[in-house]
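Below you'll find the structure, written out as structure tokens, and then a few comments.
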């Protein structure tokens with residue numbers, strides 16, 4: 447292990463942004479992942495789990511997806527995402543919950559969202575993670591438009 451490993455870990459912990467909506471390119475999901483792991487590596491957590499939503503080729507239409515355009519009513523979405531995190535932490539007695547959602551034009555294969563949950567045991571962590579994912583799909587003011595390979599596009603309900 448490198449001598450400066452823990453300095454890097456501390457920098458990651460300090461760099462974790464608040465849960466919310468961010469423009470494409472504003473977040474490095476790998477660094478965010480590392481920061482969450484560092485934050486919950488104090489011995490109080492026995493489990494951490496992550497969900498990463500990725501733009502997929504097969505959308506809700508008949509034609510393949512070329513791109514996904516995400517936008518939000520940012521003030522509402524940020525409040526809703528923070529509220530979801532707080533409520534899921536309380537309901538499942540978790541030490542940490544975070545949700546970071548990207549907006550903008552995203553290509554197939556690119557990440558759209560990262561959800562993290564950590565706590566004392568895996569049962570609560572998995573259940574809390576699932577609840578956070580299901581809630582972010584319906585509660586925040588997030589809007590999704592699929593752009594298809596044939597040039598057509600369609601706005602969809604539910605992020």
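Residue numbers (this note's numbering): 447 to 605.
Even for Gly, the Cβ is constructed at its ideal location relative to N, Cα and C.
Asked                                                                                                                        : Found
Residue 592, DSSP secondary structure in three states                                                                        : strand
Where residue 505 sits in the DSSP three-state scheme                                                                        : coil
Backbone secondary structure at residue 530 - three-state DSSP                                                               : helix
Residue of 525, 598, 597 minimising C-alpha distance to residue 585                                                          : 525
Ranges of the beta strand (DSSP E) found wholly within the stretch 470 to 515, counting only runs of at least 3              : 493 to 500
Collapsed DSSP secondary structure at residue 519 in the structure displayed                                                 : coil
Residue range of the unbroken beta strand (DSSP E) whose run includes residue 552                                            : 542 to 553
Span separating the alpha-carbon of residue 562 from that of residue 590                                                     : 22 Å
Neighbourhood of residue 579 by C-beta distance below 7 Å, restricted to the same chain and skipping five residues each side : 497, 561
Endpoints, beta strand (DSSP E) assigned at residue 564                                                                      : 557 to 565
Local conformation of residue 599 per DSSP, three classes                                                                    : strand
Beta-carbon separation (whole angstroms), residue 500 vs residue 555, contact threshold 8 Å                                  : 6 Å
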